Amino acid sequence: DQQVKQNSPSLSVQEGRISILNCDYTNSMFDYFLWYKKYPAEGPTFLISISSIKDKNEDGRFTVFLNKSAKHLSLHIVPSQPGDSAVYFCAASEEYGGSQGNLIFGKGTKLSVKP
Amino acid sequence: DAGVTQSPTHLIKTRGQQVTLRCSPKSGHDTVSWYQQALGQGPQFIFQYYEEEERQRGNFPDRFSGHQFPNYSSELNVNALLLGDSALYLCASSLAGQDLPEAFFGQGTRLTVV
Numbered sequence: 038d039q040q041v042k043q044n045s046p047s048l049s050v051q052e053g054r055i056s057i058l059n060c061d062y063t064n065s066m067f068d069y070f071l072w073y074k075k076y077p078a079e080g081p082t083f084l085i086s087i088s089s090i091k092d093k094n095e096d097g098r099f100t101v102f103l104n105k106s107a108k109h110l111s112l113h114i115v116p117s118q119p120g121d122s123a124v125y126f127c128a129a130s131e132e133y134g135g136s137q138g139n140l141i142f143g144k145g146t147k148l149s150v151k152p
Numbered sequence: 036d037a038g039v040t041q042s043p044t045h046l047i048k049t050r051g052q053q054v055t056l057r058c059s060p061k062s063g064h065d066t067v068s069w070y071q072q073a074l075g076q077g078p079q080f081i082f083q084y085y086e087e088e089e090r091q092r093g094n095f096p097d098r099f100s101g102h103q104f105p106n107y108s109s110e111l112n113v114n115a116l117l118l119g120d121s122a123l124y125l126c127a128s129s130l131a132g133q134d135l136p137e138a139f140f141g142q143g144t145r146l147t148v149v
């Protein structure tokens, strides 16, 4: 039973256009959401996060939107660049002992940005 | 500032053997978590160590055990290796007590069981 789902295994976008990566979750206790980017032969790199008390967080070209009622979040990359080509993982956690608990990951979406 | 470092980077073991993987957290971090990433899947949480004790555990058998040392570094031990244990093992470190802690990952150890 997957608690975090990324239903699109892959996404192809033209350079300069917007990339939208989607993520759905089932556990209403999740209160913190993160996006990681992963290149081959490297560990995941933290990209951006959002707390459940917010509905939007922006960092440069990256914006994460959270819709709690729909249990859905999305990552927008504008404009997309060829260097953004990687696998993107959505992750979620709930509070544990006053801190954030373990991360539950989706299966990832492979983004390809074409020049 | 060194990030999270893991050793070794690659490892080949035979079924039934035991393996130990090592992780040094990012400087200033006190919490270490271990994840298993099978091919085509997202990382799956194994367990988390804080103050030298296992704080949380995922759905992994007792063959998977760990340890955290006073300098916050950590080891993951897997006994009686199975072919299905072949995966990328990721270590992540964070700082406890933060409102929005980001976990920083190492490059991983690629374990192949033959």
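Chains A and B are the protein sequences, given in the same order.
Just remember that the working numbering sits 37 ahead of the position in the first sequence, which is counted from 1.
Just remember that the working numbering sits 35 ahead of the position in the second sequence, which is counted from 1.
Note that CB positions come from ideal geometry on N, CA and C, so glycine has one too.
Owing to the predicted nature of the structure, the values given are computational and were not obtained by experimental measurement.
Any C-beta of chain A under 8 Å from that of B:Gly63: In the second sequence, residue 63 of chain B corresponds to position 28, counting from 1. In terms of beta-carbon proximity, B:Gly63 stays away from the interface with chain A, with every pair separated by 8 Å or more.
Within-8 Å CB hit, B:Gly77 to chain A: Counting from 1 along the second sequence, the entry for residue 77 of chain B is found at position 42. The beta carbon of B:Gly77 falls within 8 Å of a beta carbon belonging to chain A, placing the residue at that interface.
May I ask you to list the residues that DSSP assigns as paired with A:Lys75? For the purposes of this step, residue 75 of chain A is taken as residue 38 along the first sequence, with counting starting at 1. Paired residues: A:Val124.
Could you pull the DSSP bridge partners for B:Glu88 from this structure? For the purposes of this step, residue 88 of chain B is identified with residue 53 of the second sequence, where counting begins at 1. According to DSSP, which records beta bridges pairwise, B:Glu88 is partnered with B:Tyr85.
Suppose the cutoff is 6 Å on Cβ atoms and the five residues either side in sequence are ignored; what does the same chain contact list for B:Arg57 look like? Counted from its first residue, the second sequence places residue 57 of chain B at position 22. For B:Arg57, the CB contacts under 6 Å within the same chain, skipping 5 residues up- and downstream, are Ser42 and Glu110 in chain order.
Is B:Asp97 helix, strand or coil when you go by DSSP? Counting from one through the second sequence, the residue named residue 97 of chain B turns up at place 62. Here DSSP, grouped into helix, strand and coil, assigns B:Asp97 to coil.
According to DSSP, is A:Asp61 part of a helix, a strand, or is it coil? Taking the first sequence and counting its residues from 1, one reaches residue 61 of chain A at position 24. Three-state DSSP puts A:Asp61 in a strand.
Could you please give the first and the last residue of the uninterrupted beta strand (DSSP E) stretch that includes B:Tyr124? Taking the first residue of the second sequence as 1, we reach residue 124 of chain B at position 89. Element bounds for B:Tyr124: Ala122 to Ser129.
Just curious, the beta strand (DSSP E) that B:Asn106 is in, first and last residue? One-based indexing of the second sequence puts residue 106 of chain B at position 71. Neither: B:Asn106 is in no beta strand (DSSP E) and is coded neither H nor E.
Per the contact definition of three or more C-beta pairs closer than 8 Å, is the region 95 to 108 of chain B in contact with the region 45 to 54 of chain A? Contact fails between the region 45 to 54 of chain A and the region 95 to 108 of chain B, because fewer than three Cβ pairs, one in each stretch, are under 8 Å apart.
Check whether the Cβ of A:Gly143 lies closer than 8 Å to any Cβ atom in chain B. Stepping through the first sequence from its first residue, residue 143 of chain A is reached at position 106. Yes, A:Gly143 lies at the interface with chain B (some Cβ there is under 8 Å from its Cβ).
For A:Gln78 and A:Asn104, what's the separation of their Cα atoms in angstroms? As a working mapping, residue 78 of chain A is identified with position 41 in the first sequence. As a working mapping, residue 104 of chain A is identified with position 67 in the first sequence. Checking the sequence shown, residue 78 of chain A turns out to be Ala, not Gln. For A:Ala78 and A:Asn104, the distance between alpha carbons rounds to 33 Å.
Give a yes or no on whether 8 Å exceeds the smallest Cβ distance from B:Glu87 to chain A. Here residue 87 of chain B refers to the residue found at position 52 of the second sequence. No - not a single Cβ of chain A is within 8 Å of the one on B:Glu87.
Looking only at its own chain, which residues have a Cβ that is under 6 Å from the Cβ of A:Thr100, when we skip the five neighbours before and after it? The residue labelled residue 100 of chain A in the question sits at position 63 within the first sequence. Hits under 6 Å: His113.
Please compile the residues from chain B whose C-beta is within a distance smaller than 9 Å of the C-beta of A:Phe70. The residue labelled residue 70 of chain A in the question sits at position 33 within the first sequence. Near A:Phe70 there are no residues of chain B at all, since even the closest Cβ is about 10 Å away, more than 9 Å.
Within 8 Å, strictly: CB atoms of A:Gly143 and B:Gly143: Along the first sequence, one-based indexing puts residue 143 of chain A at 106. Along the second sequence, one-based indexing puts residue 143 of chain B at 108. A distance of 8 Å or more separates the beta carbons of A:Gly143 and B:Gly143.
Starting from A:Gly138, find everything on chain B with Cβ-Cβ shorter than 7 Å and list it in chain order. As a first step, residue 138 of chain A must be located in the first sequence, where it is residue number 101. Those within 7 Å of A:Gly138 in chain B are Gln91.
Going along chain D, which residues have a C-beta under 8 Å from B:Gln142? Protein chains A and B are contained in the structure displayed, whereas chain D is not.
So, are the CB atoms of B:Phe140 and B:Leu130 less than 8 Å apart? Within the second sequence, numbered from 1, the residue matching residue 140 of chain B stands at position 105. Within the second sequence, numbered from 1, the residue matching residue 130 of chain B stands at position 95. Result no, Cβ atoms of B:Phe140 and B:Leu130 do not sit closer than 8 Å.
Can you tell me which residues form a DSSP beta bridge with B:Gln41? The count along the second sequence starts at 1 and reaches residue 41 of chain B at position 6. The partner list for B:Gln41 (beta bridge, DSSP) reads B:Cys58.
Taking all protein chains shown into account, do 16 or more other C-beta atoms lie within 10 angstroms of the C-beta of B:Lys61, making it buried, or fewer, making it exposed? Residue numbering aside, residue 61 of chain B sits at position 26 when the second sequence is read from its first letter. Burial call: buried.
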